[in-house]
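Notes to accompany the following structure.
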Amino acid sequence: KTRSELAAMKVAMDYERAGGREPIDVSKTGGGYDIRSEGAHGEVRYIEAKGRAAEANVTLYYTEWQTANRMRDEFFIYYVTDPLKSPKLWIIQDPVGRGLEPEERIVEYRFEADQLLAVAVEA
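Counting in our numbering, the sequence shown runs without a single skipped number right up to 126 at its last residue.
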């Protein structure tokens, strides 16, 4: 993650805690969201945090968009502008239901080096 993305995660986690919820960073699990946040009554938010230095375009990867389609009201994009200097949090609940449509549909598959090396054969 970039410095902006890490700062956006912190803003999102702090916001969730301030709202009485318990956020957990699950960004490395590949589940289609960065934060799972549970409220006092068991309600769950699936949050994708995005941080940009300026009001720039945001990319949701295939898994994230599929998760947004599946979770609907429980899925949120926490868009943080200028996260390093003067963060401002914008919240989009159910981006699919809001009529947001991606410009392009891009699929990306990333593998960690350890994962690849675990199944690779040295030449």
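No residue lacks a Cβ here, since even glycine has one placed at the ideal position from N, Cα and C.
Between residue 19 and residue 45, the alpha-carbon positions lie close to 14 Å from each other. Remark: three or more beta-carbon pairs, one from each stretch, lie closer than 8 Å, so the segment 9–24 and the segment 73–92 are flagged as touching.
Less than 8 Å separates the beta-carbon of residue 67 from that of residue 51. Counting only runs of 3 or more residues that sit fully inside the segment 4–60, the beta strand (DSSP E) segments are 25–28, 38–41 and 47–55, in chain order. Here the C-alpha atom of residue 42 lies approximately 19 Å from the C-alpha atom of residue 30. Sequence-distant partners of residue 37 (beyond 5 residues in either direction) whose C-beta falls short of 8 Å from its own C-beta, in its chain, are 12, 15, 28, 29, 30, 50, 51 and 52. Residues of the same chain with a CB within less than 6 Å of the CB of residue 82, apart from the 5 flanking positions on each side, are 53 and 93 in chain order. Residue 123 and residue 32 have their C-alpha atoms roughly 22 Å apart.
In the DSSP annotation of this structure, residue 64 is not part of any beta strand (DSSP E), being labelled neither H nor E.
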